[in-house]
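Written out below as structure tokens is the structure these notes cover.
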Amino acid sequence: MNVFAETSFLCAVHRQQDNSPAALAYLADCTAPIDVTTLVLYEFRQGVHFQNWLHRHDKKKGYAAQEAAAMLERLEENLSHGIFRVVPVDWTAVHDLAGRLAAEHTPAAGARGFDLLHIATAVEGKAETFLSFDRPQRQVAIAAGLPVAPQRER
8 MNVFAETSFL CAVHRQQDNS PAALAYLADC TAPIDVTTLV LYEFRQGVHF QNWLHRHDKK
68 KGYAAQEAAA MLERLEENLS HGIFRVVPVD WTAVHDLAGR LAAEHTPAAG ARGFDLLHIA
128 TAVEGKAETF LSFDRPQRQV AIAAGLPVAP QRER
């Protein structure tokens, strides 16, 4: 089965948060690697570094260097163990589709650029399931014909 994960799913796997139980349960039931792209990995790593920067400037925000390092280490372990695999992408096709999705969904739903790129990547890669916890992104993914998971409890 071709399953594509975007950044919110990776965050729930690699750092304890409200969506972590659902993400980890989905992961436990998966029998094949979950697809990601270099863009998803970039966004995840950048987000971790940014949260660490926030924490250094205001201890009430973000998270400490040790937690950031642990998250990045867990990601690398999951990549090396084949839990997640990096798939090639036809970026021209993805950008074209993301542009069409933007014209259709951003005026009404306020869709964000990276979210649309991840959705377009999943569509172009013929994903059978799109893994996301981002509610607005999930709505656009469904409109684009992607089944989304994991099921949200709220």
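The sequence shown runs 8 to 161 under my numbering.
Beta carbons are placed, not taken as given, at the ideal position from N, Cα and C, and that holds for glycine.
Under the DSSP definition of a beta bridge, which residues are partnered with Arg-92?
Asp-42
Taking 8 Å as the threshold (C-beta atoms), are Val-101 and Thr-136 in contact?
no
Going by the beta-carbon positions, is the gap between Ala-109 and Phe-11 smaller than 8 Å?
no
Cα-Cα separation, Arg-52 to Leu-79
7 Å
Answer yes or no: do Phe-16 and Leu-138 have a C-beta to C-beta separation smaller than 8 Å?
yes
Does Arg-161 come out as helix, strand or coil in the three-state DSSP assignment?
Residue placement at Arg-161 is flagged as unreliable, the pLDDT there being 44, under the threshold of 50; the coordinate-derived value follows with that caveat. Three-state DSSP puts Arg-161 in coil, outside helix and strand.
Exposed or buried, what is Thr-44 when buried is set at 16 or more other beta-carbons lying within 10 Å of its beta-carbon?
buried
Same chain, Cβ closer than 8 Å to Trp-60, five either side skipped, listed in chain order:
Gly-69
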